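Novice:
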Amino acid sequence: MTKKIIAMAIAAIASSAAFAQSNVTIYGNIDMGYMHRSGSSGAVVSQKQHALESAASESYLGFKGAEDLGNGTKAVFDLQLLLNPDVGGGTTTGRSYVGLAGGFGTVVAGYLDGLRYGIYGKYNPFGNYSVGNFASMTTQYDRAANAVAYISPNFSGFTLILATSTNTQTAEGGLNGVHVPAKTPGGNKGDDRLFSANLIYANGPLSIDLDYETTKAVGYSSSRLFVLTTGASYDFGPVKVSGVYDVIKGDRNSLIGGNIDLGGGANLGGLAADEKYDRRNWFVGVQVPLNDRARLLASYGQVKDKTLSDADASKWAIGARYALSKRTELYADYAQIRNDSNAAFAINPKGNSNGTGLGTRGIAVGMKHSF
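With the first letter of the sequence shown counted as 1, position 275 gets the number 260 in this note's numbering; the numbers rise by one all the way through.
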């Protein structure tokens, strides 16, 4: 799948509120819940699993801060470690970056959150981590390595983010062997280069995102993917409505070798070498606040595969949240997927490629606490 860069959390780091402090801030989130997955549909075989794990949000520990350099310029940084509280210890690195911020905007470099992934999480009521998320229906990478991003100042509600990565998945030169045919090791042959542009408009209850991305493997003439994603939401007060529409197009060779995973488990081997790939994703969601503490969530979306036959899928989800305090919340979610005969989308609470889907029905209940 095309890999993306930077989430709006970075923009929050660049805000004046964050810059009011010059010391290091320790922050984090702990989520523990019960999750049950089962069911079969399309190419997904019947399986059952009970598990205790982070079921509605990532668990992590982070350190962030800013230093005043004078003349309105700040040095900013963020280091994050993802945790598995069910088995103990940290597993992978979350976002990590260092950069400068000032009147010109913000420039950061490092291991950055995905723009497109962030849009999916921003406009889906369940975010990108729960049995109800829709990001796992397109099997995304949540972060990109070797990345640089620029976040503009806010101009009358508009913000522009420009981002690029010299190799989205690993160190430069590390993807030579995953392509067909393989290139001579060394240099930058096979590197997955990414360019992204995200225009954001936010004004009161209205929010709109428009994101364009292209990725290409260095040294391969027909290995390019193009992605256009738009998301929007409007908060009416009694209900908040949101949605995303997503177009993915690319060359046949961009899918070879496992370097770009478009999800769904479909067999791509039947495509001709010069055949183009074309997939559309969309979802709509609603959030209904019942009072100051409780809210209901619902979403429905579809994957439309215009290249392969009988490879479409749909997913619906319902859920509830109850705030015990500003930092502690109870949750309950249910989701179900329907696959065509050649599709194999499964329930994966992690809305990225770093998790394993299982079954086509999922339920999760638990508690999360942020600090």
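The beta carbon of each residue, even a glycine, is placed where N, CA and C say it ideally should be. Only a predicted model underlies this, so the values are computations on that prediction, with no experimental measurement involved.
Would you mind working out which of G79, A60, A156, G57 sits nearest L67, comparing C-alpha positions?
Specialist: For the purposes of this step, residue 67 is taken as residue 82 along the sequence shown, with counting starting at 1. Selected option, being the one with the closest Cα: G79.
Novice: With DSSP run on the structure shown, which of helix, strand or coil describes N109?
Specialist: Within the sequence shown, numbered from 1, the residue matching residue 109 stands at position 124. Residue state, collapsed to three classes: coil.
Novice: Using a 10 Å radius around the Cβ and a threshold of 16 neighbouring Cβ atoms, would you call Q34 buried or exposed?
Specialist: Position 49 of the sequence shown holds residue 34. Flag for Q34 reads exposed.
Novice: Tell me the DSSP secondary structure of Y205 in three-state form.
Specialist: Counted from its first residue, the sequence shown places residue 205 at position 220. Y205: coil per DSSP, three-state reduction.
Novice: Answer with buried or exposed for A120, where buried requires no fewer than 16 other C-beta atoms within 10 angstroms of its C-beta.
Specialist: By one-based count along the sequence shown, residue 120 stands at place 135. Its Cβ being crowded by 16 or more others within 10 Å, A120 is buried.
Novice: Could you pull out every residue in the same chain whose Cβ sits closer than 6 Å to the Cβ of L64, ignoring the five residues on either side in sequence?
Specialist: As a working mapping, residue 64 is identified with position 79 in the sequence shown. So the list reads F48, S81, once near-sequence residues are dropped.
Novice: Which same chain residues, not among the five before or five after R306, have their C-beta less than 6 Å away from its C-beta?
Specialist: Here residue 306 refers to the residue found at position 321 when the sequence shown is read from its first residue. Taken in chain order, the residues that qualify are R280, E314, Y316.
Novice: Note the first and the last residue of the continuous beta strand (DSSP E) segment covering D53.
Specialist: Numbered from its first residue, the sequence shown carries residue 53 at position 68. Its beta strand (DSSP E) spans residues 44 to 55.
Novice: Of all the CB atoms in chain D, is at least one closer than 8 Å to the CB of I11?
Specialist: No chain D is present in this structure, which holds just one protein chain.
Novice: Let me check one thing: in DSSP terms, what residues is Y319 bridge-paired to?
Specialist: Your numbering for residue 319 matches position 334 in the sequence shown. I303, I348.
Novice: Any chance the segment 90 to 105 sits against the segment 201 to 208, with 3 or more Cβ pairs inside 8 Å?
Specialist: At 8 Å Cβ cutoff, the stretches do not touch.
Novice: As a quick exercise: from P166, T155, G189, V83, pick the residue whose alpha carbon is nearest that of S218.
Specialist: Locating residue 218 in the sequence shown gives position 233, where the first residue counts as 1. Here the closest residue by C-alpha is G189.
Novice: Which one or two residues does DSSP pair with S181 in a beta bridge?
Specialist: Numbered from its first residue, the sequence shown carries residue 181 at position 196. Per DSSP, A148, E198.
Novice: Assuming N337 and D16 make a contact with CB atoms under 8 Å, what is their CB distance in whole Å?
Specialist: Your numbering for residue 337 matches position 352 in the sequence shown. Your numbering for residue 16 matches position 31 in the sequence shown. The pair is not a contact, with the Cβ atoms about 16 Å apart (cut-off 8 Å).
Novice: Based on the DSSP output, what are the partners of S284 in its beta bridges?
Specialist: Residue numbering aside, residue 284 sits at position 299 when the sequence shown is read from its first letter. Its beta-bridge partners are G270, A302.
Novice: Hey, how far is the Cα of F356 from the Cα of P166?
Specialist: Sequence index remark: in the sequence shown, residue 356 carries index 371 (1-based). Sequence index remark: in the sequence shown, residue 166 carries index 181 (1-based). Their Cα atoms are separated by approximately 48 Å.
Novice: Determine the direct distance from the alpha carbon of D277 to that of D176, and round the result to whole angstroms.
Specialist: Counting from 1 along the sequence shown, the entry for residue 176 is found at position 191. Counting from 1 along the sequence shown, the entry for residue 277 is found at position 292. So the two alpha carbons sit approximately 49 Å from each other.
Novice: Do three or more CB pairs link the segment 288 to 295 to the segment 327 to 335 at distances below 8 Å?
Specialist: Contact between the segment 288 to 295 and the segment 327 to 335 is present, because at least three Cβ pairs lie under 8 Å.
Novice: Along the beta strand (DSSP E) that carries D295, what are the first and last residues, could you check?
Specialist: If you number the sequence shown from 1, residue 295 lands on position 310. Careful: D295 lies outside any beta strand (DSSP E) and carries neither H nor E.
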